[in-house]
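A.B. asks:
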Amino acid sequence: PATNRYKIETQAQLVNPVDQSGYGIVFGGNWNGQACPNSGYTSCFTSYYLLEVRWLANSNNPLLVTRLREITGHNSNNNPTGTILFDWTETRLVNGVTINPNGINEWDIQYESNGTIKVFVQNQLFKTVNSETTYFSQKYFGLYASSINDSGGTTNSGVVRYEYISVVNVP
Numbered sequence: 111p112a113t114n115r116y117k118i119e120t121q122a123q124l125v126n127p128v129d130q131s132g133y134g135i136v137f138g139g140n141w142n143g144q145a146c147p148n149s150g151y152t153s154c155f156t157s158y159y160l161l162e163v164r165w166l167a168n169s170n171n172p173l174l175v176t177r178l179r180e181i182t183g184h185n186s187n188n189n190p191t192g193t194i195l196f197d198w199t200e201t202r203l204v205n206g207v208t209i210n211p212n213g214i215n216e217w218d219i220q221y222e223s224n225g226t227i228k229v230f231v232q233n234q235l236f237k238t239v240n241s242e243t244t245y246f247s248q249k250y251f252g253l254y255a256s257s258i259n260d261s262g263g264t265t266n267s268g269v270v271r272y273e274y275i276s277v278v279n280v281p
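Residues 111 to 281 in our numbering are what the sequence shown spells out, letter by letter.
Right under this line is the structure:
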């Protein structure tokens, strides 16, 4: 049978995090078959989805916030630009399940051929968005670590520990 969705799953943890350090999952990425990256960063991942998870110190009561963007390009500093599918959302309690900002958290993304993207944390549905179907056939993916904050500056980065990554087609 034809595949009408695929699922990406990973477990991640920030080790010794600092304010605004983060991690995430890149999926639906394009690649033209050339060396990646090339000097102008034009050979791959110029359009993709980016799920970002950021750790906030929050006055000694840390929490995670999460957002999903559709990336359609990069600015002169090679920072991704595009459309926000859902903006920074506190990820402290999801469907009654406490999400430990200092623990290992399981993240699942299910991308369906009709453009529906479902984001799960600790096996709980966190967000559902409807997006493009254009990227469905672009099945390149990766993991992401960040020390860039929203004001355009950088912060010290914590270490991201990924336990595994699994990508499967779901009929």
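Quick reminder that beta carbons are idealized off the backbone N, C-alpha and C, glycines included. Note that this is a predicted model, so its numbers are computed, not measured.
Out of curiosity, what's the CA-to-CA distance linking residue 254 and residue 169?
C.D. replies: Residue 254 sits at position 144 when you count from the first residue of the sequence shown. Residue 169 sits at position 59 when you count from the first residue of the sequence shown. Distance from the CA of residue 254 to the CA of residue 169, rounded to the nearest whole angstrom, comes to 26 Å.
A.B. asks: Can you tell me which of the three DSSP states residue 196 falls into?
C.D. replies: Taking the sequence shown and counting its residues from 1, one reaches residue 196 at position 86. Strand at residue 196.
A.B. asks: If I measure Cβ to Cβ from residue 277 and keep anything under 7 Å in the same chain, skipping five residues before and after, which residues do I get?
C.D. replies: The sequence position of residue 277 within the sequence shown is 167, counting from 1. Annotation for residue 277: 116, 118 and 251 place their beta carbon closer than 7 Å to its own, counting only its chain and skipping 5 residues before and after.
A.B. asks: Does the Cβ-Cβ distance between residue 157 and residue 256 come in under 8 Å?
C.D. replies: Working through the sequence shown from its first residue, we reach residue 157 at position 47. Working through the sequence shown from its first residue, we reach residue 256 at position 146. No. Outside cutoff.
A.B. asks: Within a Cβ cutoff of 8 Å, which residues of the same chain sit near residue 202, ignoring the five residues on either side of it in sequence?
C.D. replies: In the sequence shown, residue 202 corresponds to position 92, counting from 1. So the list reads 173, 174, 208, 209 and 211, once near-sequence residues are dropped.
A.B. asks: Between the C-alpha atoms of residue 80 and residue 216, what's the straight-line distance to the nearest angstrom?
C.D. replies: This structure cannot speak to residue 80, because the chain is shown only from 111 to 281.
A.B. asks: Can you name the residues that DSSP bridges to residue 242?
C.D. replies: In the sequence shown, the residue the question calls residue 242 occupies position 132. The partner list for residue 242 (beta bridge, DSSP) is empty, contrary to what the question assumes.
A.B. asks: Are the CB atoms of residue 272 and residue 122 within a distance shorter than 8 Å?
C.D. replies: If you number the sequence shown from 1, residue 122 lands on position 12. If you number the sequence shown from 1, residue 272 lands on position 162. Against a cut-off of 8 Å, the Cβ pair of residue 272 and residue 122 comes out as a contact.
A.B. asks: Tell me the rounded alpha-carbon separation between residue 128 and residue 160.
C.D. replies: Taking the sequence shown and counting its residues from 1, the one referred to as residue 128 is at position 18. Taking the sequence shown and counting its residues from 1, the one referred to as residue 160 is at position 50. C-alpha separation (whole angstroms): 21 Å.
A.B. asks: Can you tell me where the beta strand (DSSP E) holding residue 170 begins and where it ends?
C.D. replies: On the sequence shown, residue 170 is found 60 positions in, with the first residue counted as 1. Neither: residue 170 is in no beta strand (DSSP E) and is coded neither H nor E.
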